[in-house]
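What follows is one structure encoded as structure tokens, with my remarks underneath.
Protein chains in written order, with my numbering: chain A, 6 to 280; chain L, 6 to 280; chain Y, 6 to 280.
Now the structure itself:
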């Protein structure tokens, strides 16, 4: 049983400050979702200040979309400082597998920083685990819908990756998989329309960092709760669509839903199973 | 006759991946409009990866708003790689004429890269064709509403520019003009409110790159269809406005309209003439 | 008496072009609010063009969120050029006090550039006046709700800071304080929900630069009008919320309200007192 109400309550009460080093495509969306869920955002990517900024925060969210040489150096500095201070760290390896720079950066970050959480789509996580290079841009590769064909193998590979990195691994897609190396949570909340707006993955990562930062003593459950919350809010947003509404309104309604979500609503709406 | 249904159908079916090197002001809007029209976005601007990223895509959208020395180098690398691979390339010379750096960068890109499409407002296109320096920021210079006074001269100048560059030229404003050097299409869809939100030009460029990438055998028609689609969606968005709605809702409704647009709707709503 | 109708009328009639060197988190929001209030935006941060760009504009808005070494150099160049040309300059010291880099950059900008307006929350302004380092990220520090405990001391400190810098100081929070060193305006428009979306401060700064640029002969009144307008639009946005609406819709409605605001509405809705 995931204690959804307690976990969300802690986010709202503790109002964790989350430092995001993230891409400029969805930075505003990430800041807004952090505020919506009850956390506070700060974005900063200069080598001259990332350690100071991270020191003020409870969580660090590193997202490698639109990375550049300058920001990669900042990611390393911030991650090491966060580790030193025992802060929650999350890696979103956006586009890992799509370019050598992204794959190598993600691998280097994993080697030099201890992450509490790694969240990506299956192509990105595969790129990290297997050195695959097959990602098609930033969306999940259709050829990779692994849950249908070889679910058990995938589960084992993810558990092994979690044990190797010491991180909770969250693979999101049509169905979401969360593992800490022992437990495995399958979440079926969500709506396909979420993949028709940019930043649903980035926003989830930011929110997950906040949930973990507010619940550092049960990170696995916090990650499960964040992923469930985002999927469930996608369902709420979809239900609100009028005949003239499309992806623009969906994006607004998703933010609305996160900002209004209660622990009770989440507990009742959650669709997950533990394996 | 522009085959609107076939062109839009191809965007939806072929789901082209478009690499955008673009400004951080409207990068999120560009990603969302690409998803809304049926394409997929990837943004990346580091010299270390732009060639890899472009190689994965079907189209490259170069937008020089908020350019800097680092990203200009990336634009050149990505453009050359896209040319080498025969990918669709589009230039949006945002603010050309507003600073020497922008004008010179646009001119340099035109010299070193072969573009299939160039889309801008009349001031920007003039800055490229005539070396003018009169642009007032990123919006069309009011003194330049050339269509009223000397339309024929303008048409000829644009056709000559299209022949010289080998690109389809799209000049957007109160009325839109598209030419491939031979044909000229005048489009009167659109609504003045589109100029009251940021990024309507940037979003159109991104969407145009997607339409061309999905229809590489008839780029001129694809550009006409994209420009018509954006203008028509602006009309739909305007019609939905309630008395309390303003530019915030208009922006949401525009995205809604693009995401819901059907080929039939577009064919019926298109207002254009061929010259 | 603040001549709200005349001030807003001037923004709409004179349509000032505002150059913003600003963070990538809220750059799009700043561009949209400038368009909504009747001004025009241009964003540019490369050393190679900021002087050219600023020369075209009526106002310069410097916001140090997501600053980096490269953009700090551009801020200095642009600020000096704007001073040389007598353009309106505004500083938004986002996160001053949160890192040494931000505090030092803000202090350096204040030393090398003459600002007509400085707008921030109380923690940021304190960091500038007192060298405090206590800011908690980019939001106002709760421990700093100075209006309740020692309002008179705070008023005097702000007046002294205004006289020292020659700038109109605008401290925004639950209650807003504006001073030019002699006069003091207390504004109680606004709604707490404004702090649950990112960029309400950044947007206000951009809009304030526009109001001052369109009313250069009465900057103090223009700043008061901009701050009042933003707060009042926050109230309008809040009133529009339906039961399912949250922070996503609030953000859209805020933009709507700014784009539809009339001088008469603003005059009637303003809640301020002069001290």
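Glycine included, every Cβ here is placed at the ideal spot set by N, Cα and C.
Contact with chain Y by residue i, beta-carbon distance below 8 Å
i	result
residue 148 of chain A	Because residue 148 of chain A carries a pLDDT of 45, less than 50, the predicted location of this residue cannot be relied on, and the following value inherits that uncertainty. Cβ-Cβ to chain Y under 8 Å: no for residue 148 of chain A.
residue 247 of chain A	no
residue 220 of chain A	no
residue 128 of chain L	no
residue 178 of chain A	no
N-terminal and C-terminal residue of the alpha helix (DSSP H) that residue i is part of
i	result
residue 278 of chain Y	Run containing residue 278 of chain Y: none in the alpha helix (DSSP H); it sits in the beta strand (DSSP E), 277-279.
residue 264 of chain A	252-265
residue 243 of chain L	224-245
residue 210 of chain A	205-219
Minimum Cβ-Cβ distance from residue i to chain L less than 8 Å
i	result
residue 264 of chain Y	yes
residue 223 of chain Y	no
residue 172 of chain Y	no
residue 46 of chain Y	yes
residue 125 of chain Y	no
residue 89 of chain Y	no
residue 206 of chain A	no
Short CB-CB distance (under 8 Å) between residue i and chain A
i	result
residue 93 of chain L	no
residue 277 of chain L	no
residue 104 of chain L	no
residue 50 of chain Y	no
residue 269 of chain L	no
residue 167 of chain L	no
residue 257 of chain L	yes
residue 27 of chain Y	no
residue 261 of chain L	yes
residue 240 of chain L	no
residue 100 of chain L	no
residue 58 of chain L	yes
residue 254 of chain Y	yes
Alpha carbon of residue i to alpha carbon of residue j, nearest angstrom
i	j	result
residue 8 of chain L	residue 237 of chain Y	49 Å
residue 140 of chain L	residue 190 of chain A	In this predicted model, residue 140 of chain L has a pLDDT of only 48, less than 50, meaning its place in the structure is not dependable; the value taken from the coordinates is given anyway. Cα to Cα, the separation comes out at about 57 Å.
residue 28 of chain Y	residue 192 of chain L	36 Å
residue 101 of chain Y	residue 175 of chain Y	15 Å
residue 170 of chain A	residue 116 of chain A	9 Å
residue 206 of chain A	residue 98 of chain A	10 Å
residue 188 of chain A	residue 217 of chain A	17 Å
residue 106 of chain A	residue 54 of chain L	6 Å
residue 79 of chain L	residue 280 of chain Y	55 Å
residue 17 of chain A	residue 51 of chain L	37 Å
residue 26 of chain Y	residue 124 of chain A	32 Å
residue 36 of chain Y	residue 42 of chain Y	10 Å
residue 266 of chain L	residue 32 of chain A	28 Å
residue 86 of chain L	residue 243 of chain L	40 Å
residue 148 of chain A	residue 215 of chain A	Its pLDDT being 45, under 50, residue 148 of chain A is placed unreliably in this model, and the value from its coordinates should be taken loosely. Between residue 148 of chain A and residue 215 of chain A, the C-alpha separation is close to 32 Å.
residue 183 of chain Y	residue 58 of chain Y	29 Å
residue 103 of chain A	residue 180 of chain A	22 Å
residue 127 of chain Y	residue 177 of chain Y	7 Å
residue 146 of chain Y	residue 40 of chain A	For residue 146 of chain Y, the predicted structure reports a pLDDT of 49, less than 50, and the residue's modelled location is therefore unreliable. The matter cannot be settled from this model.
Segment limits, beta strand (DSSP E) that includes residue i
i	result
residue 4 of chain Y	Because chain Y here runs from 6 to 280, residue 4 of chain Y falls outside it and cannot be looked at.
residue 189 of chain L	189-192
residue 55 of chain Y	Here residue 55 of chain Y belongs to no beta strand (DSSP E); instead the alpha helix (DSSP H) covers 55-61.
residue 69 of chain L	Careful: residue 69 of chain L lies outside any beta strand (DSSP E) and carries neither H nor E.
residue 176 of chain L	173-176
residue 97 of chain A	93-97
residue 182 of chain L	181-184
residue 125 of chain L	122-125
residue 81 of chain A	Run containing residue 81 of chain A: none in the beta strand (DSSP E); it sits in the alpha helix (DSSP H), 74-90.
> Which of the residues in the region 189-201 of chain A, read from start to end, lie with their CB under 7 Å from any CB of chain L?
Replying inline: 201
> When Cβ atoms are compared, which residues of the region 60-84 of chain Y fall closer than 8 Å to chain A?
Replying inline: 70, 71, 72, 73 and 74
>> Does the structure place the region 90-107 of chain L close enough to the region 106-116 of chain A that three or more beta carbon pairs sit under 8 Å?
In response: no
> Between the region 156-168 of chain L and the region 233-248 of chain L, do at least 3 Cβ pairs fall closer than 8 Å?
Replying inline: Cβ pair count under 8 Å is below three, so no.
> Taking three-plus beta-carbon pairs below 8 Å as touching, is the region 44-52 of chain Y in contact with the region 10-25 of chain Y?
Replying inline: yes
> Are at least three pairs of beta-carbons, each pair with one atom in the region 263-275 of chain Y and one in the region 222-237 of chain Y, less than 8 Å apart?
Replying inline: yes
> Closer than 9 Å, Cβ to any Cβ of chain L: which residues of the region 15-43 of chain A, in chain order?
Replying inline: 28, 29, 30, 31, 32, 33 and 34
> Is it a yes or a no for the region 118-131 of chain A touching the region 69-76 of chain L, going by three-plus beta-carbon pairs under 8 Å?
Replying inline: Below 8 Å, too few C-beta pairs join the region 118-131 of chain A and the region 69-76 of chain L to call them touching: fewer than three.
> Relative to chain L, which residues along the region 103-122 of chain A have a C-beta separation below 7 Å, given in chain order?
Replying inline: When CB distances to chain L are screened at a threshold of 7 Å, the residues of the region 103-122 of chain A falling below it are 103, 104, 105, 106 and 107, in chain order.
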